[in-house]
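Structure first, commentary second.
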Amino acid sequence: MRRFAVIGLGRFGQKLAISLTMSGAEVIAIDKQREQVELIHDHVAHAVRLDSTDMEALRSQRIDKVDVATVGIGQGTAQGFEAAVLTVVNLRQMGLEQIYARAETIVAGEVFSKIGATEVIYPEIESAERWAYKLIAPHIDEKIDVAPGYSLARIEAPPSFGGRTVMDLALRQKYNVNVVLIKHNGGTWGRKTDRDTISVPAPDTIVQAGDVLMVAGSDADLARLPQE
C-alpha cells in the first residue's frame with residue numbers, strides 16, 4: 000500500500016486526502032489548525048496537528064518514509080506562502096523524491112519548482128481552464144489531456160453525421176481531427192454488423208447520429224467540430 004502525506008487541509012487538501020483514502024492508499028493528513036485535523040480525522044488513516052515548517056515534527060510522524068507528499072497550505076497571506084515554501088524545502092532535505100505543491104499563482108509555482116517540488120498543481124487555474132473550454136465547446140462530453148493543447152475527447156455524433164461513413168465525414172481533412180474509436184448507439188462497437196471493438200475505424204465504417212466517438216486532436220481543432 001502506497002503512503003501519502005497530505006499537508007494543508009483546506010478544501011483542496013481535504014478532498015485529496017479523502018479521495019486517496021477511498022482509492023486504497025494510506026494517508027497521513029497534516030495541518031497546523033486543530034479544527035481542520037478534527038474534520039478529517041475519521042476519514043483517513045492518520046490525522047495529525049503539527050507545524051510542517053518544523054522538520055523534526057515531520058520526522059516524528061515518519062513523513063520521510065512516505066512515497067508521496069503534497070503541500071496544499073493556503074497562500075492567501077505572506078505567512079501562508081512562507082510556510083508552504085519552508086515545508087517543501089523540509090521535504091526535499093528529508094530526501095523525499097515525489098513532492099507535489101499546490102500553487103495559487105504561476106509565480107508561486109515557479110518558486111516551488113526551483114526549491115525542489117517535483118510537480119506543481121494549479122487547481123484554481125486548471126479548473127478555470129476546464130470550464131472555459133466547456134463553455135466554448137459544450138459538445139465535448141469529456142476529454143483527456145495527452146499533451147499541452149492536445150486531447151483525446153469523447154463526443155456524441157450530431158445529426159449531420161448520421162448515415163455517413165468515416166471517409167465521407169473527412170474529419171481529418173476538414174478539422175485535423177482523427178477518429179480513433181466508435182461505439183454505436185445500440186451498444187455494439189465498430190461496424191454496424193460487428194460486435195467487436197475496433198480501435199481504428201475503417202474508412203467505410205458508418206456513423207449514426209448519437210454514436211459515441213473518441214476523437215484526438217488539438218483542443219482548438221476539437222472545439223471546431225460540428226455540434227448539429
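Just so you know, we're using numbering that gives the first Met the number 0 here: the sequence shown kicks off at 0 and counts up by one. Note that beta-carbon positions come from the ideal geometry of N, C-alpha and C, so glycine has one too.
- As the crow flies, the alpha-carbon of R1 is around 14 Å from that of E96.
- Of the candidates G216, L8, I139, D144, the residue whose Cα lies closest to the Cα of I29 is L8.
- Around K14, the same chain offers no residue with a beta carbon nearer than 7 Å, after the five sequence neighbours per side are excluded.
- The beta carbon of Q74 is closer than 7 Å to those of F80, A83, E103, A107 in its chain, skipping five residues each way along the sequence.
- Judged by their CB atoms, A68 and I120 are not nearer to each other than the 8 Å cut-off.
- Counting along the chain, M213 sits inside the beta strand (DSSP E) bounded by residues 211–217.
- With contacts defined as CB atoms closer than 8 Å, A56 and D63 fail to qualify as a contacting pair.
- Nearest neighbour of P202 by Cα position, chosen from V178, D218, G209, turns out to be V178.
- Beta-bridge pairing by DSSP links L151 to I143, A215.
- Counting other Cβ atoms within 10 Å of its Cβ, N175 stays below 16 and is therefore classed as exposed.
- Shown here, K31 sits in coil according to DSSP, grouped into three states, outside any helix or strand.
- In the three-state reduction of the DSSP assignment, N177 falls in the strand class, which pools E and B.
- When only Cα atoms are considered, P157 and Y99 end up about 40 Å apart.
- Comparing C-alpha distances from L85 to each of E25, A116, D66, R61 shows the shortest one belongs to A116.
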